[in-house]
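Participant:
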Amino acid sequence: MAGAAAEGKNFLGVPVYRPRVAFFELSSCEGCQLQLLNNEATLLDFLSLVEVVNFREGMSGGTDDYEIAFVEGSVTRSDEVERLKKIRANAKVLVAFGSCACFGGVNQLKNRFSPDWVKKEVYGDHPVETSPARPLEDFVTIDLRIFGCPVKKEEVEKIVAGIAIGTAIAYPKYPVCMECKANGNICLFDVGEPCLGPVTRAGCDSWCPNNRAGCWGCRGPADDINIEQMISIMDKHGFTKDTIMDRLECFGGFAAYAGQLRESLNAEDRG
Amino acid sequence: MKINCDVNVHHLSRVEGHGNIKISIKDGQLRQATWEVVETPRFFEALLVGKKWDNAPWITGRICGICSIGHTLASIRAVENAFGILPTDQTKKLRLLLKHMETLQSHVLHLYFLAAPDFLNAGSVFPLIRSNPDVVARAAHLKKLANDICDCVGGRRMHPTRTVVGGFTMLPDKKELAGFRDRLSASVADLQATAELFSTFHIPDFSRETEFVSLKGAGDYPFIGGDLVSTDGVLKKESEYRQMTNEYMVEQSTSKWSRLSRQSFAVGALARVNNNFSFLHPAAQELSAGAGLTPVNHNPYMNNIAQLVECVHVVLDSIGLIEELLGSEWQEPRQPVTARAGTGVGAVEVPRGILYHSYDFDEAGHITKCDCIIPTSQNHANIQHDLTALASKFASEGIQDRNLELLAEMLVRSYDPCISCSVH
Numbered sequence: 001m002a003g004a005a006a007e008g009k010n011f012l013g014v015p016v017y018r019p020r021v022a023f024f025e026l027s028s029c030e031g032c033q034l035q036l037l038n039n040e041a042t043l044l045d046f047l048s049l050v051e052v053v054n055f056r057e058g059m060s061g062g063t064d065d066y067e068i069a070f071v072e073g074s075v076t077r078s079d080e081v082e083r084l085k086k087i088r089a090n091a092k093v094l095v096a097f098g099s100c101a102c103f104g105g106v107n108q109l110k111n112r113f114s115p116d117w118v119k120k121e122v123y124g125d126h127p128v129e130t131s132p133a134r135p136l137e138d139f140v141t142i143d144l145r146i147f148g149c150p151v152k153k154e155e156v157e158k159i160v161a162g163i164a165i166g167t168a169i170a171y172p173k174y175p176v177c178m179e180c181k182a183n184g185n186i187c188l189f190d191v192g193e194p195c196l197g198p199v200t201r202a203g204c205d206s207w208c209p210n211n212r213a214g215c216w217g218c219r220g221p222a223d224d225i226n227i228e229q230m231i232s233i234m235d236k237h238g239f240t241k242d243t244i245m246d247r248l249e250c251f252g253g254f255a256a257y258a259g260q261l262r263e264s265l266n267a268e269d270r271g
Numbered sequence: 272m273k274i275n276c277d278v279n280v281h282h283l284s285r286v287e288g289h290g291n292i293k294i295s296i297k298d299g300q301l302r303q304a305t306w307e308v309v310e311t312p313r314f315f316e317a318l319l320v321g322k323k324w325d326n327a328p329w330i331t332g333r334i335c336g337i338c339s340i341g342h343t344l345a346s347i348r349a350v351e352n353a354f355g356i357l358p359t360d361q362t363k364k365l366r367l368l369l370k371h372m373e374t375l376q377s378h379v380l381h382l383y384f385l386a387a388p389d390f391l392n393a394g395s396v397f398p399l400i401r402s403n404p405d406v407v408a409r410a411a412h413l414k415k416l417a418n419d420i421c422d423c424v425g426g427r428r429m430h431p432t433r434t435v436v437g438g439f440t441m442l443p444d445k446k447e448l449a450g451f452r453d454r455l456s457a458s459v460a461d462l463q464a465t466a467e468l469f470s471t472f473h474i475p476d477f478s479r480e481t482e483f484v485s486l487k488g489a490g491d492y493p494f495i496g497g498d499l500v501s502t503d504g505v506l507k508k509e510s511e512y513r514q515m516t517n518e519y520m521v522e523q524s525t526s527k528w529s530r531l532s533r534q535s536f537a538v539g540a541l542a543r544v545n546n547n548f549s550f551l552h553p554a555a556q557e558l559s560a561g562a563g564l565t566p567v568n569h570n571p572y573m574n575n576i577a578q579l580v581e582c583v584h585v586v587l588d589s590i591g592l593i594e595e596l597l598g599s600e601w602q603e604p605r606q607p608v609t610a611r612a613g614t615g616v617g618a619v620e621v622p623r624g625i626l627y628h629s630y631d632f633d634e635a636g637h638i639t640k641c642d643c644i645i646p647t648s649q650n651h652a653n654i655q656h657d658l659t660a661l662a663s664k665f666a667s668e669g670i671q672d673r674n675l676e677l678l679a680e681m682l683v684r685s686y687d688p689c690i691s692c693s694v695h
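These protein sequence lines are chains H and A, in that order. Residue numbering for the first sequence follows our numbering, beginning at 1 and increasing consecutively. Residue numbering for the second sequence follows our numbering, beginning at 272 and increasing consecutively.
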């Protein structure tokens, strides 16, 4: 493989290996890839750390000779399964890049309905191929996950730098609430805003609550969480089960919990 | 000379999403020229059904990574129109400023990172980092400025956090806004340098008469809401958008297509400039005329120049907007929202053309029907007919495969298509 030591790049006196990196997208908004171009201040430094060999949205040409593959989006069609398997075979490290790749993302909201109804609602009788939206791990082995909708570019750079210089990648085990408190924000529950900060994995620096928008759980669950307790606290603050449900099921990271809550909602309806 | 030519581009690069170009010329006769869209649909219009109104802007913003702000604003406008909410002057100004900065960042991304490499004989912006470092630095500088202002006003440059039905969750800091006003003023020199760079590019000489559709300016260059207008004389209200977009299905595309007075029409920067030239800032008008862009221009490659003209307009208009915001006391950022049954339509001119969101709500504010009409889906038929005309022209004139491939790729890129958006 033709990866090269970055010109003049050293870490503790050791030349830094410059991995060959490829970006791919399945069903997605391509926003996670764009987040890299959106980080103008450090883009050039970042590009000196890796050799981008495949990035269709930004460059012509491309090759199957790469070491790290970042795959954005969820799987919703058979040709995407084939593409994904080929990428898996080529890559040493396969990174599920963003919430769609990790959990199905907003795309998986269509899985609430039958595929036939979904197709009819949008395309009428015109034939269209689609299957339920699934995360990458349902089809191939994933080496690394980068959470978020969108991904936080600082976190991406930290992880890629970690791969390049060979340090272990660690995710925060604690929830967004911890970061939010450390940032000195007022609790959004107290101003009437629903928020999944108590149960969502940190690492975004409480991006949404810093802007007085409640968390929608795009990074999925933290390590040890107590959903029942959060639901009961939200209930005390007057948030309806519907509202909590909308948040829990939005990005797919809390699918198991959302399923339970939906069952209990349905039971209440029947009761 | 009878020529033969084959072009087969699978997953065209330097555009958002997945499309293919196929051209076949045999003995000087055009056999095939096809613009295929193979993007996977994500079914946003179905997956929103049953969701409460506050989900709509949050989820539909995720239709697109490039124009998430435009989608969020169109969605918010549709909900507000359904519920009878009129945004305050302050909210209108902040939304327009945010919209302007999305336009600037998207146009700069397209002009420098996606389009310019073709004119500079490069496969991407990456080799230009070494060969044309000042050009790349200028692009990064302009894009960073636009994105920094989006962070400040919308909370986040992509999938914004502060933009909600009723207004904003938080207001920007006035000191920061004043700093941005100064940075915008300083960026005018960067835009002049951009114009000089583009004046050295050879814009392909190709025209095909078509219909141009955009929002209709009423005193100002239009970006958020209002009637639509076309160069063929069509005029419709915002709520009558379906009489303009007329979506239909075709075999060669997972995106729907549109037609109005002819077989196809175009939306986007060129359509806006063609329809609303007189509402552009005088400096933008001057740049436009100097670059050979006066209404009505039918060369699709000139959409690049139209985007450049709009960059100048939005920067100068944003300076004025910030002055107005700084000159008045902050009002309440957010109005209360009361849901009601009904239908609401929201139109926004996003970087690639007019975007419509429309929702039906039940009494509790749950969505019962959703319709999103994307600019690029409105452009697909026009791209197809341009491609046919371009290939026909060269079938008779003669051209090498590689040159036709490049011209065809540049044609599609000129529209700055957002393909995953168009399929959504």
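Where is the CB? At the ideal position from N, CA and C, for every residue including glycine. Keep in mind that this is a model prediction, so the values were computed, not measured.
Just to make sure I have the definition right: I need the residues of chain H whose C-beta is within less than 8 Å of the C-beta of residue 430(A). Which are they?
Facilitator: If you number the second sequence from 1, residue 430(A) lands on position 159. Within chain H, the residues near residue 430(A) are 31, 149 and 150.
Participant: Could you work out which residues of chain A lie near residue 40(H), taking near to mean beta carbons separated by less than 8 Å?
Facilitator: Walking along the first sequence from the start, residue 40(H) turns up at place 40. The contacting residues are 411, 412, 414, 415 and 418.
Participant: Taking a Cβ distance cut-off of 9 Å, strictly less, list which residues of the segment 295 to 322 of chain A are near chain H, in chain order.
Facilitator: So the list reads 309, 310, 311, 312, 313, 314, 315, 316, 317, 318, 319, 320, 321 and 322, given in the order they occur along the chain.
Participant: Less than 7 Å between C-beta atoms, sequence neighbours within five positions excluded: which residues of the same chain meet that for residue 523(A)?
Facilitator: Residue 523(A) sits at position 252 when you count from the first residue of the second sequence. Result list for residue 523(A): 305 and 307, in chain order.
Participant: Expressed to the nearest angstrom, what Euclidean distance is found between the alpha-carbon atoms of residue 329(A) and residue 434(A)?
Facilitator: Translated into the one-based positions of the second sequence, residue 329(A) becomes position 58. Translated into the one-based positions of the second sequence, residue 434(A) becomes position 163. Taking the straight line from one Cα to the other gives about 9 Å.
Participant: Would you say residue 59(H) reaches chain A, if we count a Cβ-Cβ gap shorter than 8 Å as a contact?
Facilitator: Within the first sequence, numbered from 1, the residue matching residue 59(H) stands at position 59. Residue 59(H) counts as touching chain A.
Participant: How about residue 645(A) and residue 589(A): are their beta carbons less than 8 Å apart?
Facilitator: Position 374 of the second sequence, counted from the start, is the residue given in the question as residue 645(A). Position 318 of the second sequence, counted from the start, is the residue given in the question as residue 589(A). Not closer than 8 Å, so no.
Participant: Residue ranges of each beta strand (DSSP E) run of no fewer than 3 residues wholly in the segment 449 to 509 of chain A, ordered along the chain?
Facilitator: For the segment 449 to 509 of chain A, whole beta strand (DSSP E) runs of length 3 or above, ordered along the chain, are 482 to 486 and 499 to 501.
Participant: Return the CA-CA distance between residue 250(H) and residue 334(A), expressed in angstroms with no decimal places.
Facilitator: Within the first sequence, numbered from 1, the residue matching residue 250(H) stands at position 250. Within the second sequence, numbered from 1, the residue matching residue 334(A) stands at position 63. Distance between the alpha carbons of residue 250(H) and residue 334(A) is about 14 Å.
Participant: Take the Cβ of residue 61(H) as the centre, count every other Cβ of all protein chains shown within 10 Å, and call the residue buried at 16 or more, exposed below.
Facilitator: On the first sequence, position 61 is the one that residue 61(H) refers to. By the 10 Å Cβ count, residue 61(H) comes out exposed.
Participant: Below 8 Å, how does it come out for the segment 91 to 100 of chain H and the segment 133 to 151 of chain H: are there three or more Cβ pairs, yes or no?
Facilitator: Contact between the segment 91 to 100 of chain H and the segment 133 to 151 of chain H is present, because at least three Cβ pairs lie under 8 Å.
Participant: Just mark residue 460(A) as buried or exposed, buried being the case when its beta carbon has 16 or more other beta carbons within 10 Å.
Facilitator: For the purposes of this step, residue 460(A) is taken as the residue at position 189 of the second sequence. Answer is exposed; the Cβ neighbour count stays below 16.
Participant: In angstroms, rounded to a whole number, what distance separates the CA positions of residue 121(H) and residue 318(A)?
Facilitator: On the first sequence, residue 121(H) is found 121 positions in, with the first residue counted as 1. On the second sequence, residue 318(A) is found 47 positions in, with the first residue counted as 1. If you take the alpha carbons of residue 121(H) and residue 318(A), they lie about 10 Å apart.
Participant: Which residue or residues does DSSP assign as beta-bridge partners of residue 201(H)?
Facilitator: If you number the first sequence from 1, residue 201(H) lands on position 201. DSSP output for residue 201(H) lists 175(H) as bridge partner(s).
Participant: If you measure between the beta carbons of residue 657(A) and residue 276(A), is that distance less than 8 Å?
Facilitator: Stepping through the second sequence from its first residue, residue 657(A) is reached at position 386. Stepping through the second sequence from its first residue, residue 276(A) is reached at position 5. Taking 8 Å as the Cβ cut-off, residue 657(A) and residue 276(A) do not qualify as a contacting pair.
Participant: Could you name the residues of chain A that residue 52(H) contacts, counting a contact when the two beta carbons are closer than 9 Å?
Facilitator: Numbered from its first residue, the first sequence carries residue 52(H) at position 52. By Cβ distance, chain A contributes 395 and 397.
Participant: Between which residues of its own chain and residue 169(H) is the CB-CB distance below 7 Å, once the five residues before and five after are set aside?
Facilitator: Residue mapping note: residue 169(H) aligns to position 169 of the first sequence, counting from 1. These residues qualify, in order along the chain: 144, 159 and 162.
Participant: What span of residues does the alpha helix (DSSP H) with residue 430(A) cover, start to end?
Facilitator: Numbered from its first residue, the second sequence carries residue 430(A) at position 159. Looking at the DSSP string, residue 430(A) is not in any alpha helix (DSSP H), and its letter there is neither H nor E.
Participant: When the Cβ atoms of the segment 412 to 422 of chain A are set against those of the segment 192 to 205 of chain H, are three or more pairs found closer than 8 Å?
Facilitator: Verdict: no, contact absent.
Participant: Go ahead and pull the three-state DSSP assignment for residue 607(A).
Facilitator: Counting from one through the second sequence, the residue named residue 607(A) turns up at place 336. In the structure shown, residue 607(A) sits in coil (DSSP, three-state: anything other than H, G, I, E or B).
Participant: If I'm right that residue 99(H) touches residue 149(H) with Cβ under 8 Å, what's the distance once you round it to whole angstroms?
Facilitator: Here residue 99(H) refers to the residue found at position 99 when the first sequence is read from its first residue. Here residue 149(H) refers to the residue found at position 149 when the first sequence is read from its first residue. With a Cβ gap of about 4 Å, residue 99(H) and residue 149(H) count as contacting.
Participant: Report buried or exposed for residue 623(A), applying the criterion of at least 16 other Cβ atoms within 10 angstroms of its Cβ.
Facilitator: Within the second sequence, residue 623(A) is the residue found at index 352, counting from 1. Buried.
Participant: I'd like to know if the segment 551 to 564 of chain A and the segment 335 to 353 of chain A are in contact, where contact means that at least 3 CB-CB pairs between them fall below 8 Å.
Facilitator: No, the segment 551 to 564 of chain A does not touch the segment 335 to 353 of chain A.
Participant: Strictly below 7 Å CB to CB, what residues from chain H border residue 681(A)?
Facilitator: Here the question's residue 681(A) lines up with position 410 in the second sequence. Ordered by position in chain H, no residue passes the 7 Å Cβ test against residue 681(A), which lies about 11 Å from the chain.
Participant: Do residue 501(A) and residue 536(A) count as a contact pair if the criterion is CB distance below 8 Å?
Facilitator: For the purposes of this step, residue 536(A) is taken as residue 265 along the second sequence, with counting starting at 1. For the purposes of this step, residue 501(A) is taken as residue 230 along the second sequence, with counting starting at 1. Closer than 8 Å, so yes.
Participant: Helix or strand or just coil, what does DSSP make of residue 414(A)?
Facilitator: Reading the second sequence from its first residue, position 143 is the one you call residue 414(A). Correct three-state label for residue 414(A): helix.
Participant: Where does residue 287(A) sit, in a helix, a strand or coil, going by DSSP?
Facilitator: The residue given as residue 287(A) occupies position 16 in the second sequence. Three-state DSSP puts residue 287(A) in a strand.
Participant: Nearest-angstrom Cα distance between residue 372(A) and residue 591(A)?
Facilitator: Here residue 372(A) refers to the residue found at position 101 of the second sequence. Here residue 591(A) refers to the residue found at position 320 of the second sequence. In a straight line, the C-alpha of residue 372(A) is about 13 Å away from that of residue 591(A).
Participant: Which ranges would you report for the beta strand (DSSP E) in the segment 56 to 102 of chain H if only whole runs of at least 3 residues count?
Facilitator: DSSP runs (the beta strand (DSSP E)) wholly in the segment 56 to 102 of chain H: 68 to 72 and 93 to 97.
Participant: Contact defined as beta carbons within less than 8 Å: I believe residue 198(H) pairs with residue 247(H). What is the distance between those atoms, to the nearest angstrom?
Facilitator: Here the question's residue 198(H) lines up with position 198 in the first sequence. Here the question's residue 247(H) lines up with position 247 in the first sequence. Going by Cβ atoms, the distance from residue 198(H) to residue 247(H) rounds to 12 Å, so no, they are not a contact pair.
Participant: Going straight from the alpha carbon of residue 570(A) to that of residue 678(A), what length do you get?
Facilitator: Along the second sequence, one-based indexing puts residue 570(A) at 299. Along the second sequence, one-based indexing puts residue 678(A) at 407. Approximately 13 Å between the Cα atoms of the pair.
Participant: Only counting the same chain, and skipping five residues up and downstream in sequence, which positions put a Cβ closer than 7 Å to that of residue 462(A)?
Facilitator: Here residue 462(A) refers to the residue found at position 191 of the second sequence. These residues qualify, in order along the chain: 582, 583 and 586.
Participant: Hey, would you say residue 131(H) sits closer than 8 Å to residue 76(H), going by beta carbons?
Facilitator: Within the first sequence, numbered from 1, the residue matching residue 131(H) stands at position 131. Within the first sequence, numbered from 1, the residue matching residue 76(H) stands at position 76. Yes.
Participant: Do residue 66(H) and residue 520(A) have their C-beta atoms closer together than 8 Å?
Facilitator: Here residue 66(H) is taken as the residue at index 66 of the first sequence, counted from 1. Here residue 520(A) is taken as the residue at index 249 of the second sequence, counted from 1. Not in contact: residue 66(H) and residue 520(A) (Cβ atoms no closer than 8 Å).
Participant: What number of angstroms, rounded off, separates the C-alpha of residue 497(A) from the C-alpha of residue 545(A)?
Facilitator: Counted from its first residue, the second sequence places residue 497(A) at position 226. Counted from its first residue, the second sequence places residue 545(A) at position 274. Taking the straight line joining both Cα atoms gives about 17 Å.
Participant: Where do the ends of the beta strand (DSSP E) carrying residue 305(A) lie?
Facilitator: Within the second sequence, the letter at position 34 stands for residue 305(A). 300 to 308 is the span of the beta strand (DSSP E), which, as asked, contains residue 305(A).
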